[in-house]
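First the structure, in the form of structure tokens, and then the observations on it.
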Ligand SMILES: [Fe+2]
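In the working numbering, the protein residues as written are 1 to 266.
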């Protein structure tokens, strides 16, 4: 609509170049939902640009993705896009107790690595992460992970999360992708819609896909579109264990805060 608008690929730069060796065109969209939410759309532009809330809202994440700021890498790009690259290994700051299940053990076992060989948590997190990279590079073809062919060490294990100005975010890991888009309601600034896509690569013998920080698997086939109304969590069954559900649950409190007489513009 704007004759002065830049070319799309120039606007998206450098994201297309960064991910050129991912075979996104092979992804299967296993979940496709649009959710009506009771908050201003810019909540999400904030939410996906800060990590202060993650340790309290998303407690399931640190045992599998190290979200500590001092081990992550941050990138900011000219058009307002940004990336945070978090390491795909357990956080050393938020260690799980020995007597509970460690989800990273399952990741290691999937690549024929015995998690019990490591003498302690720290060695498992750090050496296991190195061993995982090595195993993926050695075994990708025989295990049917054909989309790994052009991936580098960082692509194979780390967790990059991207913010695309002004209203798209996506995480692109070696095994799948989640895309979020939020749009304003045309009339009510207290409402917005949130699109959620989970996508996975076909791997022979794999019939389902579960986002690494969720519990509920999706069938490995193209999903039908679902329209949901969040309604304090009552209208989004099956999504309770997802990271975005935990974010949706923060809407109400923050919206109330914006209405406080004590709130000044940030
Ligand atoms: Fe969050």
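Positions of the beta carbon are idealized from the N, C-alpha and C atoms, including for glycine.
Is residue i a contact residue of ligand 1, with contact defined as CB to any heavy atom under 7 Å?
i           : result
residue 255 : no
residue 54  : yes
residue 210 : no
residue 66  : no
residue 69  : no
residue 229 : no
residue 303 : Residue coverage of the chain in this structure runs from 1 to 266, which leaves residue 303 outside it and unanswerable.
residue 47  : yes
residue 82  : no
residue 58  : yes
residue 247 : yes
To the nearest whole angstrom, what separates the beta carbons of residue i and residue j, a pair I think is in contact under 8 Å?
i           : j           : result
residue 146 : residue 31  : So it is not a contact: roughly 23 Å between Cβ atoms.
residue 83  : residue 222 : Contact flag wrong, Cβ pair sits at about 28 Å.
residue 55  : residue 94  : 7 Å
residue 63  : residue 96  : 5 Å
residue 194 : residue 180 : 7 Å
residue 125 : residue 78  : With a Cβ gap of about 35 Å, residue 125 and residue 78 do not count as contacting.
residue 202 : residue 220 : 7 Å
residue 183 : residue 167 : 6 Å
Between the alpha carbons of residue i and residue j, how many angstroms are there, rounded?
i           : j           : result
residue 47  : residue 92  : 24 Å
residue 37  : residue 127 : 42 Å
residue 241 : residue 230 : 14 Å
residue 224 : residue 144 : 26 Å
residue 35  : residue 119 : 45 Å
residue 210 : residue 217 : 4 Å
residue 52  : residue 26  : 34 Å
residue 71  : residue 65  : 11 Å
residue 86  : residue 60  : 15 Å
residue 208 : residue 244 : 20 Å
residue 142 : residue 239 : 33 Å
residue 10  : residue 99  : 51 Å
residue 140 : residue 148 : 7 Å
residue 206 : residue 24  : 18 Å
residue 226 : residue 33  : 5 Å
residue 234 : residue 40  : 20 Å
residue 2   : residue 103 : 48 Å
From the beta carbon of residue i, is the nearest beta carbon of chain D less than 8 Å away?
i           : result
residue 232 : Given the protein chain composition of this structure (a single chain), no chain D is represented.
Mind checking residue i: buried by the 16 CB within 10 Å criterion, or exposed?
i           : result
residue 158 : buried
residue 20  : exposed
residue 160 : buried
residue 123 : exposed
residue 170 : buried
residue 136 : buried
residue 22  : buried
residue 152 : exposed
residue 131 : buried
residue 44  : buried
residue 74  : exposed
residue 260 : exposed
residue 247 : buried
residue 150 : exposed
residue 258 : exposed
residue 214 : buried
residue 174 : buried
Next item on the list: Ignoring anything shorter than 3 residues or poking outside the stretch 66-125, list the beta strand (DSSP E) runs there in chain order.
Entry: Complete beta strand (DSSP E) runs here, min 3: 73-76, 82-86.
Margin query: Extract the residue ranges of the beta strand (DSSP E) inside the stretch 156-206, only unbroken runs of 3 or more that lie entirely within it.
Written below: If we require 3 residues or more, the beta strand (DSSP E) runs fully inside the stretch 156-206 come out as 159-164, 168-172, 176-184, 192-200.
Next item on the list: Taking only runs that begin and end inside the stretch 3-54, name each unbroken alpha helix (DSSP H) of 4 or more residues, in chain order.
Entry: DSSP runs (the alpha helix (DSSP H)) wholly in the stretch 3-54: 8-12, 15-18, 42-47.
Checklist line | Uninterrupted alpha helix (DSSP H) stretches inside the stretch 227-254 (no shorter than 4 residues) | finding: Counting only runs of 4 or more, we get 243-248.
Next item on the list: Counting only runs of 4+ residues fully inside the stretch 121-150, write out the alpha helix (DSSP H) ranges in chain order.
Entry: 121-139, all fully within the stretch 121-150.
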